[in-house]
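Asker: Sharing a structure below in structure tokens format, with a few things to ask.
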Amino acid sequence: LQLNGVLTPDEFKKSLDLALSGIRRIHEGMKETLRRRYLEVKVEE
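Using the numbering used here, the first residue of the sequence shown is number 17, and each one after it goes up by one.
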């Protein structure tokens, strides 16, 4: 997370919540991609 400026405590909390939400979405997408990939490999064996 990078910031150039000053935030109020409320703005900081909202920014952090938004960043964490995005991180969770990316993490879930990566896990799903790996699951699909390894299921394909397992089926081919």
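Even for Gly, the Cβ is constructed at its ideal location relative to N, Cα and C.
#1: Between the alpha carbons of residue 45 and residue 31, how many angstroms are there, rounded?
#2: May I have the straight-line CA-CA distance separating residue 19 from residue 42, to the nearest angstrom?
#3: Do you know how far the Cα of residue 49 is from the Cα of residue 59?
Answerer: Looking at the atomic coordinates:
#1: Computed Cα separation, rounded: 21 angstroms.
#2: One C-alpha to the other measures close to 21 angstroms.
#3: Each residue's alpha carbon lies about 15 angstroms from the other.
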